[in-house]
Structure formats: structure tokens, C-alpha cells
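One structure is given below, encoded as C-alpha cells.
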């Protein structure tokens with residue numbers, strides 16, 4: 004593609020002028036030399052089309068390794084020495100190069116055993132409490148803050164043996 008300073012593109016089919024992209028029959032050429040010749044003869048600049056690689060999805064722990072590598076003088080060595088497996092190492096190396104996103108941590112509603120409609124929740128000061136909620140449903144009001152617990156919360160409070168329901172957020 005060849006684009007001019009006005010944001011218009013050269014038409015390689017008609018070979019007559021720059022046009023708005025919607026009006027161009029053939030805005031691309033497979034020949035880099037042809038594009039450079041067009042720039043030399045008619046102005047503008049070559050626009051290179053590339054596929055941006057997909058960002059890796061990492062756990063919080065894997066993302067911390069990438070951040071550590073960013074701060075390291077020897078990033079590859081840092082990743083190798085902080086990664087438990089070769090599969091993880093490959094993923095983290097790709098994330099270091101191409102970018103990444105951190106996966107959302109799963110959250111759960113955890114039932115109090117032998118008590119209908121009672122749920123555990125984490126208070127604002129980080130303690131465990133219980134609450135009575137009949138018909139617990141997100142998006143219908145009456146959904147209390149702190150009722151969604153992470154796996155870390157569940158382990159911290161010793162609730163691994165309790166019944167839990169994964170919370171899904173359809174808006175994400």
C-alpha cells in the first residue's frame with residue numbers, strides 16, 4: 004500500500020492517483036519495489052501490512068515472571084530460571100515478546116454447610132463472616148460485596164471442603 008499525507012491511497016489497478024480507500028479498486032501490490040517506485044514517482048509512503056500476533060493469556064504468577072524479566076539485564080535467563088516447565092517457558096517467552104493479558108481469577112460463592120441460604124463472605128477488613136441470602140443471583144439486587152471468594156480466600160479460610168458455585172459474569 005502507498006498512502007499520501009492526506010490519508011488517501013494509491014490505486015494500483017488504475018495507476019492514476021490517490022483516492023479515499025473506499026474508492027480504490029486495488030490498494031495493494033505484492034511487489035515492494037513497485038510500491039517504492041510509486042512513492043518515488045507520485046509521493047506518499049509505503050504502508051506495510053502485518054498480522055499482529057495474539058497476546059498470550061497468563062496467570063498472575065506467570066505475568067510476574069514477565070515483569071521480572073522486563074526489569075532484568077538478562078531476560079531470557081530470568082525467565083528460564085523462574086519457570087517450572089518448558090511449556091511454561093515457551094509461553095512466557097512469547098508473552099515477553101508479543102505482550103500478554105492476565106486471566107481473570109475465578110471467583111466462587113461458598114455455602115455454609117448445613118444452613119440453607121447461608122453463604123460465606125469476606126468483610127471489608129479481610130475477615131470471614133456469613134450472610135443469609137435467599138435466591139442469590141447476580142444482577143438482581145441483594146448481591147452483597149465480598150461474597151465472591153477467590154481460591155486463595157477459600158484456602159486461607161479453610162473452606163476447601165465446602166460446597167461452592169463458580170461465579171460467572173456474562174458481561175466479560
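Residue numbers (the working numbering): 4 to 175. Ideal Cβ positions, reconstructed from N, Cα and C, are used throughout, including at glycine. Remember, predicted model here, so these are calculated numbers, not experimental data.
Decide if the segment 37 to 47 is in contact with the segment 69 to 84; the criterion is three or more beta carbon pairs, one per stretch, under 8 Å apart. no
Decide if residue 95 is buried, meaning its Cβ has at least 16 other Cβ atoms within 10 Å, or exposed. By the neighbour-count rule (16 or more Cβ atoms within 10 Å), residue 95 is buried.
Mind checking which residues open and close the alpha helix (DSSP H) that includes residue 43? 35 to 45
Specify, as a first and last residue, the run of the alpha helix (DSSP H) that residue 93 falls within. Unbroken alpha helix (DSSP H) run through residue 93: 89 to 101.
Any chance you could list the beta strand (DSSP E) runs of at least 3 consecutive residues sitting entirely within the segment 145 to 170, in chain order? The segment 145 to 170 contains these whole beta strand (DSSP E) runs: 167 to 169.
Who are the near neighbours of residue 56 in its chain, counting only those whose CB is closer than 6 Å to its CB and skipping five residues on each side? 101
Mind checking whether residue 136 and residue 120 have CB atoms under 8 Å apart? Yes, these two residues count as a Cβ contact at 8 Å.
So what does DSSP say about residue 120, is it helix, strand or coil? In the structure shown, residue 120 sits in coil (DSSP, three-state: anything other than H, G, I, E or B).
Pop quiz: residue 162 and residue 113 are said to be a contact at Cβ under 8 Å. What is the actual Cβ separation, rounded to whole angstroms? 5 Å
Which of helix, strand or coil DSSP assigns to residue 109: Correct three-state label for residue 109: coil.
Helix, strand or coil: which one does DSSP assign to residue 27? Three-state DSSP puts residue 27 in coil, outside helix and strand.
Looking only at its own chain, which residues have a Cβ that is under 7 Å from the Cβ of residue 92, when we skip the five neighbours before and after it? 82, 83, 86
Within a Cβ cutoff of 6 Å, which residues of the same chain sit near residue 175, ignoring the five residues on either side of it in sequence? Residue confidence for residue 175 is low, a pLDDT of 46 falling below 50, so the modelled location carries little weight; the figure read from the coordinates is stated next. No residues qualify anywhere along the chain.
List the whole-angstrom C-beta distance separating residue 158 from residue 110, where the pair is believed to meet the contact cut-off of C-beta under 8 Å. Not really, about 14 Å apart at Cβ, beyond 8 Å.
Which of helix, strand or coil DSSP assigns to residue 53: coil
For residue 18, tell me which candidate among 9, 10, 28 has the shortest Cα-Cα distance. Cα-wise, what sits closest to residue 18 is 28.
Ignore the nearest five residues each way along the sequence and tell me which others in residue 97's own chain have a CB closer than 6 Å to its CB. 59
Host beta strand (DSSP E) of residue 83 (start-end): No beta strand (DSSP E) contains residue 83, which is instead part of the alpha helix (DSSP H) from 78 to 85.
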